[in-house]
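**Q**
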Amino acid sequence: MTTFRDVRAEHRFEQGFTDAEGEVRVVFADYAVHDDTRVILHVEADPALRGGGAAGRFMQSLAAHARTEKLKLQPRCSYAVLWHRRHPEYDDVLA
Numbered sequence: 252m253t254t255f256r257d258v259r260a261e262h263r264f265e266q267g268f269t270d271a272e273g274e275v276r277v278v279f280a281d282y283a284v285h286d287d288t289r290v291i292l293h294v295e296a297d298p299a300l301r302g303g304g305a306a307g308r309f310m311q312s313l314a315a316h317a318r319t320e321k322l323k324l325q326p327r328c329s330y331a332v333l334w335h336r337r338h339p340e341y342d343d344v345l346a
C-alpha cells in the first residue's frame, strides 16, 4: 500500500494498493470543494483491486485524513454513501 494523498490540483484523493501480481493499483475519489467540506462525487477502484477490500481501506484512510485536516465529507457517490452508513464510527467527519 502507498500513502494516501490529496491531489488538490485535480480535486482527487488517491491511494495505491498492491494487487495479486505485485503491481501498484489506485483507488481514487473525485471531489468538489465547498469551504471545509469535500463533496465525494465518485469513488473508483482499479478493476484488479475489486473485491479485495481496497476501496474500504481507502475510505478509512479518507475518513482519517478528514479528521486530521479538520475537513467534513459529504458523500454523493453511492459507494461512499453506503460505506458511511455501514461505518457510523466515522459520522463525525460527515457534513
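In terms of the working numbering, the sequence shown is residues 252 to 346.
Just so it is clear, CB atoms sit at the ideal spot from N, CA and C, and this is done for glycine as well.
Using the DSSP secondary-structure output, state which residues sit across from tyrosine 282 in a beta bridge.
**A** Ile291
**Q** Whose C-alpha, out of Ile291, Met310, Val290, Glu265, is nearest the C-alpha of phenylalanine 279?
**A** Glu265
**Q** For leucine 324, does the three-state DSSP call read helix, strand or coil?
**A** strand
**Q** Please name the residue, chosen from Ala314, Cys328, Arg289, that lies closest to phenylalanine 255 on a Cα-to-Cα basis.
**A** Comparing C-alpha distances from phenylalanine 255 to each of Ala314, Cys328, Arg289 shows the shortest one belongs to Ala314.
**Q** Would you mind reading off the limits of the alpha helix (DSSP H) that contains arginine 354?
**A** This structure cannot speak to residue 354, because the chain is shown only from 252 to 346.
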